[in-house]
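Going by my numbering, the sequence shown opens with residue 2, and the numbers climb by one from there. Heads up, the beta-carbon is just placed ideally off N, CA and C, and yes, glycines get one too.
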Amino acid sequence: MTTPAWLTVLTTTDSEEKAQLLAQGAVEARLAACVQISAPVTSVYRWQNAIETTEEWQLFLKTTAERYDELEAYLQEAHDYDTPEVIALPVLRGSARYLGWVSAETAPVTSL
């Protein structure tokens with residue numbers, strides 16, 4: 002099985018402002034071409050032996066497999082959760098123009 006060239010990376014945070022900051026930082030660093038922030042969702046999970054219910058904002062970051070490690074490192078560093086959700090979903094197919102744009106926008110900047 003080959004590694005997909007493009008990924009949608011999912012994370013969550015507990016405020017719209019934090020979601021905006023994570024998104025802005027990822028796009029500015031060219032680690033994601035686009036980040037979509039979904040309105041609050043309700044997350045139910047087990048944390049430290051208790052069932053928690055929390056309102057969170059979901060971020061869907063569009064990137065390439067080549068940039069994933071750097072994007073994950075950015076999210077781990079910039080996030081204020083002890084264990085932030087960072088899940089990469091493969092993009093198996095998509096519009097050639099859109100995926101080309103994602104590749105171009107996340108390409109590392111090289112100095113001449």
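- Residue state for Y82 is assigned as coil, using DSSP reduced to three classes.
- P5 sits away from V87, with the two beta carbons spaced by 7 angstroms or more.
- Contact between V36 and L62 is confirmed by a C-beta separation of about 5 angstroms, below the 8 angstroms threshold.
- Counting only residues of its own chain and dropping the five nearest sequence neighbours on each side, T54 has a CB closer than 6 angstroms to the CB of V45.
- When DSSP states are grouped into helix, strand and coil, Q25 belongs to the helix group.
- For L22, the closest alpha carbon among the candidates T65, E67, Q59 and S96 is that of Q59.
- For E57, the number of other beta carbons within 10 angstroms of its own is at least 16, and it is reported as buried.
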